[in-house]
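Taking it in order: structure first as structure tokens, then the write-up.
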């Protein structure tokens with residue numbers, strides 16, 4: 001092979017090297033849609049450039065023909081790979097079925113086969129009819145007459161390049177300005193070699209004999225390299241696929257991430273959330289876009305599908321978004337190409353939910369206060385329970401309950417939940433009605449008062465025991481027109497009380513007031529009942545004492561061989577001891593004495609003795625006997641009351657009968673005679689004597 005080095009050879013070698021660099025980038029991202037096709041595209045361009053470099057550097061025709069045949073490997077593959085890459089990038093790789101790919105390669109394969117079988121100025125001549133060398137220039141160029149199938153192959157290649165370009169152009173119309181620049185570079189890179197090839201084949205070449213097509217691959221390669229470095233070409237493999245689905249008018253925010261968690265697209269709503277235009281966001285990692293929420297995306301960085309709340313902003317400007325991360329697949333093999341993040345503003349919904357939850361807690365607190373009012377009768381316990389319930393359910397750090405004193409001069413703290421409140425209780429904290437603090441104002445005016453900012457409320461009482469108070473509310477405790485006291489709640493936050501809080505707390509205050517009044521009435525009724533019970537006990541005790549004094553001694557004895565028989569006066573020492581001690585007294589292991597006691601009055605004693613061969617008394621047996629004696633005591637009291645009732649009824653009947661007989665006549669003497677007879681009969685006396693004295697004896 002004859003060889004002569006020239007500047008074109010060096011240029012083509014550099015062009016091929018640039019193609020290798022671009023191809024290496026594409027190979028490293030070959031899993032990305034379109035990257036593998038770009039790799040083979042640039043590899044074909046490299047083969048084209050380097051084989052053409054050897055061709056123009058050689059001076060013998062066989063070498064040039066051989067290198068041209070080798071060059072056709074790149075020539076026929078470049079248009080096909082360009083079309084495949086464009087379809088994949090445009091999201092239409094569903095058309096790239098096996099059948100269609102086979103059809104795409106038919107003409108290139110035929111062209112390659114014909115080029116290898118064409119020969120030098122002999123053979124079929126379908127690619128080259130005639131070839132000769134031209135040494136008039138700076139290198140040995142060949143002057144060729146192309147065959148018919150060459151033009152078929154060239155036209156087919158132009159058609160593929162144009163179809164691929166049209167796919168990218170249609171994609172440009174759907175993309176933002178940022179992506180238009182990216183695809184614009186790709187279009188320019190693809191069309192530039194086409195222009196060079198047209199100039200070469202049309203005879204308008206400013207460099208006769210030199211094929212400009214591989215030379216302009218330099219420009220194409222540089223454009224591709226710039227698209228990769230500037231626009232992160234292989235980070236944006238999913239944009240054309242998703243752009244049709246992500247419309248600018250979506251009510252929620254959308255961000256598209258690639259497999260490296262970089263933002264590749266976002267809609268205007270998402271721009272508003274980030275606070276930056278798309279051109280500044282695209283290409284950044286998502287955790288750089290949301291630095292304060294980086295931990296969230298780090299947690300979900302390897303999770304394809306997720307659903308969670310997403311918080312943006314601080315304080316009053318904080319917004320809550322419903323974030324949904326879903327996978328994006330492309331291609332017929334469902335290749336994972338990235339993820340779509342949707343953010344829907346649910347701030348108001350969450351606020352309403354929080355409000356509903358708070359209202360539910362408030363209603364639950366009201367119900368618990370109602371239960372406490374229904375079950376707790378002791379006022380001190382009731383108020384303490386109420387203070388702690390309101391503090392826990394409403395989140396107020398201090399709750400105090402005041403009651404007015406008997407003279408209606410002071411509101412006295414009765415219950416509190418906070419540490420400062422405990423200190424005030426210990427020293428008997430009270431506020432002058434109508435003079436001191438919000439509680440004093442409320443108890444005087446009998447209306448609620450709220451200080452959303454205690455620093456600006458002239459009525460507020462600066463309490464050293466509660467230094468963290470920023471807002472306070474007090475409500476009167478009223479039953480009808482009567483003031484019982486005040487409910488005082490304090491918070492560490494300014495403006496801590498909403499309208500709903502005020503309404504619910506006023507309801508609670510009304511419940512508390514009713515509960516206090518009920519507890520007082522219950523206490524009064526309890527005292528009255530206890531007094532009645534004491535009086536009844538005293539009367540019962542006196543009645544039993546009288547009965548025992550007038551009743552002859554009673555006693556009964558029952559043995560294994562005899563039924564119960566009278567046994568009055570048969571007292572053993574153990575029985576006497578039981579009556580004196582007033583409790584169960586063991587006499588021996590098989591004998592116990594149980595006193596019968598009613599209203600602190602010993603009525604008698606029961607002695608129980610087991611047989612000699614029986615087991616000693618067990619605790620359960622003694623407890624059973626004690627229960628039975630209790631029932632006996634109740635039965636005796638009932639019998640006494642029944643007898644007393646009968647006697648009272650008999651006396652009332654007797655009085656009624658005598659009165660009726662006396663009134664049966666209008667004669668005074670007959671009335672007196674009837675009265676004497678009936679009294680003698682009723683009282684069972686031997687005689688009844690009634691005398692009306694004369695006037696002088698009375699005087």
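Residue numbers (this note's numbering): 1 to 699.
Cβ atoms here follow ideal geometry from the backbone N, Cα and C, with glycine treated the same way.
Close Cβ partners of residue i (< 6 Å) along its chain, the five nearest in sequence each way excluded
| i | result |
| --- | --- |
| residue 64 | 55, 58, 142 |
| residue 322 | 344, 346 |
| residue 16 | 46, 49, 50 |
| residue 236 | Any answer about residue 236 is weak, because its pLDDT of 43 lies below 50 and its placement is not dependable; what the coordinates show is given next. Correct list, in chain order: 264. |
Local Cβ density within 10 Å of residue i, reported as buried at 16 or more and exposed below that
| i | result |
| --- | --- |
| residue 214 | buried |
| residue 441 | buried |
| residue 414 | buried |
| residue 50 | buried |
| residue 89 | buried |
| residue 389 | buried |
| residue 18 | buried |
| residue 598 | buried |
| residue 80 | buried |
| residue 573 | exposed |
| residue 261 | buried |
| residue 40 | buried |
| residue 351 | exposed |
| residue 74 | buried |
Residue i versus residue j: straight-line alpha-carbon distance, rounded
| i | j | result |
| --- | --- | --- |
| residue 513 | residue 477 | 5 Å |
| residue 645 | residue 432 | 58 Å |
| residue 163 | residue 295 | 45 Å |
| residue 489 | residue 324 | 41 Å |
| residue 468 | residue 397 | 9 Å |
| residue 252 | residue 276 | 17 Å |
| residue 580 | residue 594 | 11 Å |
| residue 96 | residue 24 | 24 Å |
| residue 149 | residue 46 | 24 Å |
| residue 110 | residue 308 | 57 Å |
| residue 83 | residue 30 | 17 Å |
| residue 86 | residue 94 | 12 Å |
| residue 77 | residue 157 | 9 Å |
| residue 690 | residue 650 | 25 Å |
| residue 678 | residue 652 | 14 Å |
| residue 117 | residue 128 | 10 Å |
| residue 300 | residue 339 | 11 Å |
Which listed residue (the options) has its alpha carbon closest to that of residue i
| i | options | result |
| --- | --- | --- |
| residue 69 | 119, 496, 89, 159 | 119 |
| residue 427 | 436, 435, 416 | 416 |
| residue 258 | 326, 314, 435, 593 | 326 |
| residue 654 | 683, 565, 664 | 683 |
| residue 160 | 105, 450, 462 | 105 |
| residue 588 | 612, 579, 601, 566 | 612 |
| residue 585 | 285, 690, 462, 623 | 623 |
| residue 291 | 37, 311, 394 | 311 |
| residue 602 | 146, 576, 660, 592 | 576 |
| residue 153 | 360, 658, 72 | 72 |
| residue 286 | 263, 300, 268, 306 | 263 |
| residue 567 | 607, 578, 583, 582 | 607 |
| residue 360 | 500, 399, 632 | 500 |
| residue 92 | 167, 74, 115 | 167 |
| residue 401 | 8, 411, 113, 52 | 411 |
| residue 571 | 582, 556, 42 | 556 |
heavy atom of the ligand ZN below 6 Å from residue i C-beta
| i | result |
| --- | --- |
| residue 8 | Although the ligand ZN was asked about, the structure shown includes no ligands whatsoever. |
7 Å Cβ shell around residue i - same chain, five flanking residues per side excluded
| i | result |
| --- | --- |
| residue 693 | none |
| residue 370 | 511 |
| residue 604 | 596 |
| residue 698 | Per-residue confidence for residue 698 stands at a pLDDT of 45, beneath the threshold of 50, marking its modelled position as unreliable; no derived number is given. |
| residue 447 | 476 |
| residue 121 | 130, 131 |
Residue(s) in a DSSP beta bridge with residue i
| i | result |
| --- | --- |
| residue 591 | 588, 609 |
| residue 357 | In the DSSP output, where bridge partners are listed per residue, residue 357 has none listed. |
| residue 556 | 566 |
| residue 155 | Residue 155 pairs with nothing; no bridge assigned. |
| residue 132 | 143 |
| residue 266 | 255 |
| residue 410 | 432 |
| residue 485 | 403, 477 |
| residue 329 | 336 |
| residue 472 | 451, 490 |
Residue-chain proximity (residue i, chain B), Cβ-Cβ < 7 Å
| i | result |
| --- | --- |
| residue 86 | Absent from the structure: chain B. Only one protein chain is present. |
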